[in-house]
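Line order of the protein sequences matches chains D and B. Going by the numbering used here, the first residue of the first sequence is number 43, and it counts up by one from there. Going by the numbering used here, the first residue of the second sequence is number 43, and it counts up by one from there.
Protein chains: 2
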Amino acid sequence: MTLKGSEREREDQCINTIRMLSVDAVEKAQSGHPGMPMGDAALAYVLWTRFLRHNPKNPRWFNRDRFVLSAGHGSMLLYSLLHLTGYDLSLDEIKQFRQWGSRTAGHPEYSPDLGIETTTGPLGQGFANGVGMAVRERYLGQIYNRPGFSIVDYYIYGMVSDGDLMEGIASEAASMAGNLGLGKLVYLYLDNGISIEGSTDITFTEDVAQRFASYKWDVQKVDGNDCDQIGKALEKARGEKTRPSLIIARTSIGFGSPNKQDTSGAHGSPLGDEETKLTKERLKWPLEPPFHIPDGVLEMFRRAVDHGRVMENDWKQLFENYAARHPGLAESWRAIHEGKLPDGWKEGMPEAEDQPMATRSVTGRVLNGVAPKLATLIGGSADLAPSTGTHLEGYGDFIHDENGRNLHFGVREHAMGGILNGMALGGALIPYGSTFLIFSDYMKPSIRLAAMMKLPVIYIFTHDSIGVGEDGPTHQPIEQLAGLRAIPGLTVIRPADATEAIVAWELALERREGPVALIMSRQKLPVIDRQRYASAANLTKGGYVVADTARDTLELILIATGAEVHLAMDAHTTLTKEGVGVRVVSMPSWDLFEGQEKGYRDTVLPPSVTARVAIEAASPVGWHRYVGIEGDTLCMERFGASAPAAVLFEQFGFTVDNVVKKGKALLGRRGGD
Amino acid sequence: MTLKGSEREREDQCINTIRMLSVDAVEKAQSGHPGMPMGDAALAYVLWTRFLRHNPKNPRWFNRDRFVLSAGHGSMLLYSLLHLTGYDLSLDEIKQFRQWGSRTAGHPEYSPDLGIETTTGPLGQGFANGVGMAVRERYLGQIYNRPGFSIVDYYIYGMVSDGDLMEGIASEAASMAGNLGLGKLVYLYLDNGISIEGSTDITFTEDVAQRFASYKWDVQKVDGNDCDQIGKALEKARGEKTRPSLIIARTSIGFGSPNKQDTSGAHGSPLGDEETKLTKERLKWPLEPPFHIPDGVLEMFRRAVDHGRVMENDWKQLFENYAARHPGLAESWRAIHEGKLPDGWKEGMPEAEDQPMATRSVTGRVLNGVAPKLATLIGGSADLAPSTGTHLEGYGDFIHDENGRNLHFGVREHAMGGILNGMALGGALIPYGSTFLIFSDYMKPSIRLAAMMKLPVIYIFTHDSIGVGEDGPTHQPIEQLAGLRAIPGLTVIRPADATEAIVAWELALERREGPVALIMSRQKLPVIDRQRYASAANLTKGGYVVADTARDTLELILIATGAEVHLAMDAHTTLTKEGVGVRVVSMPSWDLFEGQEKGYRDTVLPPSVTARVAIEAASPVGWHRYVGIEGDTLCMERFGASAPAAVLFEQFGFTVDNVVKKGKALLGRRGGD
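This is how it looks when you write it as structure tokens:
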């Protein structure tokens with residue numbers, strides 16, 4: 043497309059408006075990152091005005107293109123675009139950039155009603171989210187699209203920086219995206235040659251084009267300030283159906299700043315009064331007022347509103363026709379978008395059997411039991427499906443151009459975390475991912491973001507303790523539970539047996555308000571006789587009395603989770619025989635327990651009973667909340683070791699004798715020390 | 043080199059001995075990974091018998107080549123080699139594979155006296171460790187080598203698997219190794235086309251050769267069972283001085299097993315009786331006894347002992363001549379290898395000044411103060427040196443072919459963690475790395491391994507709370523402290539002011555028994571008047587009474603760390619005025635505090651005083667150990683927000699009023715609730 047002189051001028055004005063709104067907002071906040079929006083405004087302009095299909099007046103329109111600002115520090119670029127194109131983000135909000143209670147946080151925070159598709163900032167995460175979004179687009183399309191009715195048909199665009207590409211999670215996700223041939227994924231790489239410590243030459247001299255070609259991406263190179271080149275590259279990328287696209291755009295950080303352009307000084311600090319002035323002069327921008335939007339610029343950008351309305355209306359019409367032709371599918375569509383599980387979905391849930399069973403084995407039965415009714419249940423494993431039990435039998439693979447339901451994340455836990463987030467964004471899907479608990483460390487930054495965004499991701503973390511056995515300390519989690527439990531909004535559940543595991547799974551599948559981590563044993567565990575002991579349904583309360591004393595006086599409380607509940611119950615038998623008034627509390631989830639009323643919590647753990655022992659084959663950190671200073675813990679205060687699991691439990695003191703001894707010691711009785 | 047028929051036969055016997063020792067050990071343990079040693083034995087044989095310069099009778103010989111088995115699940119490959127070449131690892135130990143107390147753990151565990159150079163198993167870690175080892179080799183060579191005296195001159199060989207290369211940490215480390223041009227690094231990539239879930243085709247279809255070429259590695263391809271090809275490739279790799287080498291070796295997992303070769307069934311389970319028999323038949327191996335070593339094979343491998351003695355003696359002679367010529371350097375060499383810091387090193391430590399100072403700012407003064415005396419102090423940042431204060435001024439960069447002291451890890455926290463471990467292995471260096479505390483999540487798996495190996499790595503984690511301010515919740519650590527504190531053997535220190543920060547740094551530099559994480563504030567903090575209050579030297583005890591009550595009765599204890607100590611002290615002033623007997627405990631390090639005798643701990647926190655408030659702008663998980671069930675916490679129970687730091691502290695209740703209120707509430711006084 044060739045522009046006339048006046049059109050070119052208008053284009054420059056539009057691009058400079060993005061730049062200067064960003065500069066002024068950072069300046070007013072005296073905090074933020076001006077360099078990225080200044081450098082990449084032309085790319086954003088071309089993408090948002092010529093390609094992005096969106097409706098500013100309905101950011102939740104299903105079939106919109108997604109935009110991911112993986113380089114989240116450039117948040118003002120996004121806020122500028124949202125304001126200019128007509129989203130519910132006023133200029134006053136932009137003036138409140140980075141202030142308490144504003145909608146313009148330092149880094150973009152997931153706001154589906156505002157057009158912010160995902161929370162970014164920690165580098166590499168947005169890159170992986172976009173891959174997950176593309177998986178979601180393809181998977182939903184596979185389920186719902188019918189000839190003539192492409193009701194799911196959108197692109198995922200992203201802007202990624204040097205820092206994004208340096209992060210390992212991006213490498214993992216890029217490799218997987220190439221394997222999957224995600225043609226709807228189009229990333230602009232903001233190649234500005236500058237990182238915080240200076241020129242990227244000091245650490246990042248790889249050939250990015252060659253690297254992404256090795257992942258089987260389509261790669262193009264453009265001048266990031268040449269709108270025509272950018273447009274042509276985006277056009278070509280949209281036409282590439284079987285490979286993700288990377289457009290390497292050479293840009294200048296801090297574009298327009300006479301003294302800071304192309305330096306790290308433009309990255310993370312306000313330009314300053316003087317440099318702001320010089321920059322405005324250089325770009326022929328009025329020095330006053332700040333937050334200036336030239337005549338005509340807003341109209342130009344706001345065309346997005348009309349376009350968006352038309353596009354959404356067209357889509358609605360299409361959907362109406364679709365609903366007439368495929369009423370069952372349309373009904374299912376509406377249900378999944380309301381987050382409703384279909385009636386009778388629980389019919390597929392398994393019953394616990396009598397014989398001992400590893401809690402990890404429950405997973406396969408649950409997933410395969412409910413999969414026929416829950417078409418939106420899709421996930422996989424970081425190359426540990428056989429060990430974690432997460433394979434959906436008979437549903438095929440989601441690989442290459444196949445659209446089955448089993449994702450193979452490979453040995454890429456971090457990308458799995460980021461991709462699951464992308465799959466969960468926008469609802470509809472119930473994504474899950476599995477690995478050993480120890481490797482939750484590899485994906486921790488993504489788990490945290492799932493919790494922050496309240497995404498309904500299900501993590502299946504098996505091999506949950508020294509019960510791992512021979513694989514040794516590198517594979518035996520110690521501190522992982524404490525770390526996960528400390529994440530606000532992550533529900534961590536470590537079931538004691540198959541009956542608790544089933545209830546935990548039910549809760550996880552129904553929960554839409556945030557991620558759930560299911561912590562499962564490698565080793566077989568007895569099944570608690572629920573006729574004799576309290577119901578496993580109590581798991582939803584987080585903690586409950588599973589075995590109580592028949593005596594008048596309760597003297598001692600044993601609190602345990604997972605495998606160690608059985609140890610506690612065996613000790614309960616011995617202690618009861620010896621005349622101790624003892625209770626066992628199964629405490630599968632601290633956060634669920636803390637969500638109960640104090641009255642209930644005090645029933646389970648009466649304040650008057652201070653003789654308490656917490657038993658868990660993991661770090662003791664956090665358990666004193668329940669045992670207090672006067673109580674005791676039987677936990678792992680060191681790394682594990684390589685030996686058969688039974689030997690390890692014995693060697694590390696997870697024995698009835700030891701529990702009895704600790705309990706008696708608290709009561710000051712003989713047999714304690 | 044061309045072999046005669048009988049030599050070829052002997053070679054095959056040697057290779058099959060490695061295979062069958064591995065098969066038998068896994069079979070006896072009924073646990074382990076036979077497929078990798080079976081598949082990669084020829085590679086190992088060629089490397090260990092023709093290239094690796096080592097002395098089995100002195101695994102600590104400084105100038106040995108290093109061997110890293112990044113694919114740590116193939117541990118029996120390494121144990122077989124160690125036994126066969128004459129290390130202190132008996133056949134009986136191999137028969138004790140994966141048993142309690144044996145030297146043959148499930149995954150290799152760092153044992154410098156046994157020839158195990160690093161702990162591996164979690165994939166990708168060994169890959170990064172090797173990069174760190176190569177950094178160490180080059181850096182020490184730069185300091186100590188002199189014309190005619192290459193006393194530091196060794197290669198780092200590694201064996202890496204599909205899984206290693208899928209992990210993001212390997213991508214990060216490979217990119218950095220290419221940038222650094224680490225010619226001494228030679229990796230064999232075990233390209234067997236199989237991962238746990240099946241063919242790598244399901245998830246790993248990238249072009250590895252192209253990818254590593256993009257990182258600027260030298261790449262070759264060989265048949266992993268063709269000893270001549272392997273030898274030639276290793277020869278060429280050794281000659282490549284300015285690029286790391288990747289030799290892509292096509293191998294067959296479970297080589298020799300009629301029914302399991304080239305299947306994931308050979309990966310992680312014993313072959314089983316019948317398949318073991320069939321394999322031995324196929325490889326013309328005696329069925330009995332297990333652990334068979336044919337005549338002549340041991341002699342062949344054990345030539346390493348004589349060779350090793352000669353090589354070490356030659357090197358010793360070289361070193362003697364070197365010491366005669368360069369006595370000062372030789373003396374320094376001996377000192378650093380004994381882990382001694384030079385006399386007077388502390389002279390460069392800064393003094394705290396009166397004016398408020400961020401604890402992060404102390405770092406730059408310490409590092410630059412001691413750097414002239416501590417030549418082995420080397421480190422860098424994951425692209426945050428300006429913010430974390432870790433740049434050594436005037437010492438140049440360690441990049442490309444420059445050998446300065448500032449590493450630029452790029453936005454690659456995980457590789458930084460793994461590389462720091464590799465730099466620390468074998469002692470001599472004092473490596474440090476810095477990033478924001480929030481990004482410790484990205485490198486957590488490497489931190490854990492540093493703790494497990496007891497490596498003297500120093501982590502500098504700044505921007506330690508909501509004090510981050512405007513960058514918002516994605517950048518504000520909440521759960522990170524709890525997670526780090528739960529790692530056995532990691533010393534976590536969060537100093538309250540510049541005076542504590544200086545003591546913490548001194549401790550970190552002197553500590554050789556394990557890693558230290560220094561948790562530093564972004565924001566300025568007042569400096570506690572140590573004339574009036576207790577000495578900062580008390581930091582080494584982990585917790586101490588910084589401000590006490592003058593009253594007869596101690597009623598209330600405020601426990602805090604870092605910035606929140608000042609809040610506690612302000613509340614102390616108010617409460618004291620109001621007649622409350624209150625004490626402030628500064629508790630910079632839980633693990634140091636737990637290392638004190640109970641007598642001391644009880645002096646600081648008298649058991650009789652149960653009214654206690656813990657104050658820390660982080661997750662409360664773990665604090666009840668000190669405040670008990672009856673105490674209270676003022677912590678962060680949610681994610682943070684984007685706003686100026688002062689606003690956040692106010693909004694989240696970190697105010698004197700709130701502390702006073704909480705304290706009084708515990709005492710049942712008016713003003714509490």
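All residues carry an ideal CB built from backbone N, CA and C; glycine is no exception.
- In this structure, B:R564 is the residue among B:K619, B:P189, B:R564 with its C-alpha nearest to the C-alpha of B:A605.
- DSSP links B:Y586 through a beta bridge to B:S628.
- Taken through DSSP and simplified to helix, strand or coil, D:L497 comes out as coil.
- Residue burial is scored here from C-beta neighbours: B:V352 has fewer than 16 other C-beta atoms within 10 angstroms and is therefore classed as exposed.
- Looking at the DSSP output, D:L676 shares a beta bridge with D:I657.
- In this structure, DSSP gives B:M562 a state outside helix and strand, which the three-state scheme calls coil.
- Where B:S287 is concerned, the enclosing beta strand (DSSP E) starts and stops at 287-292.
- For D:N363, the enclosing alpha helix (DSSP H) has its first and last residue at 339-367.
- Not flagged as an interface residue toward chain B: D:Y121, since no C-beta distance is shorter than 9 Å.
- Sixteen is the threshold: when 16 or more other Cβ atoms of the shown chains lie within 10 Å of the Cβ of B:K226, as they do, the residue is buried.
- Unbroken beta strand (DSSP E) runs of no fewer than 3 residues, entirely contained in the stretch 209-261 of chain D, are found at 227-233, following chain order.
- D:R145 places its beta carbon less than 9 Å from that of D:L156.
- Non-local beta-carbon contacts of B:L120 in its own chain, meaning distances under 6 Å to residues more than five positions away in sequence, involve L111, P150 in chain order.
- Short of 7 Å from the beta carbon of D:G431, and not among the five residues preceding or following it, lie these beta carbons of its own chain, in chain order: R402, S403, T405, G406.
- Contact between D:L600 and D:A610 holds, since their C-beta atoms are separated by about 4 Å, short of 8 Å.
- In the DSSP assignment, B:N58 falls within the unbroken alpha helix (DSSP H) covering 47-71.
- Distance between B:Y668 and D:R667, taken at the CA atoms: about 10 Å.
- At least 9 Å separates the CB of B:T293 from every CB of chain D.
- The beta carbons of B:E69 and B:P312 sit about 5 Å from each other, so the pair counts as a contact at 8 Å.
- Contact between the stretch 615-624 of chain B and the stretch 671-684 of chain B is absent: fewer than three C-beta pairs spanning the two stretches fall below 8 Å.
- Shown here, D:H309 sits in coil according to DSSP, grouped into three states, outside any helix or strand.
- The residue among B:F104, B:S661, B:N410 with its C-alpha nearest the C-alpha of B:D356 is B:F104.
- By the CB criterion at 9 Å, D:K263 and D:R292 fall inside the cutoff.
- B:G422 and B:S507 have their C-alpha atoms roughly 22 Å apart.
- Distance from the CA atom of B:G531 to the CA atom of B:E555, rounded to whole angstroms, is 9 Å.
- When DSSP reads this structure, B:M611 sits in no beta bridge, so it has no partner.
- Here B:D513 carries a helix assignment [DSSP, helix/strand/coil].
- Flagged as an interface residue toward chain D: B:E214, by a C-beta distance shorter than 9 Å.
- Per DSSP, B:I193 is not a residue of any alpha helix (DSSP H), being assigned neither H nor E.
- Of the other Cβ atoms in all chains shown, 16 or more fall within 10 Å of the Cβ of B:N234; this residue is therefore buried.
- Taking the Cα positions, D:L598 is about 9 Å away from D:V626.
- Residue environment: B:H450 is assigned as buried (16 or more neighbouring CB atoms within 10 Å of its CB, all protein chains considered).
- Think of a sphere of 7 Å around the beta carbon of B:G431: no beta carbon from chain D falls inside it, the nearest being about 13 Å out.
- Contact of B:A683 with chain D by beta-carbon distance below 8 Å involves W142, A147.
- The three-state reading of DSSP puts D:A400 in strand, counting E and B together.
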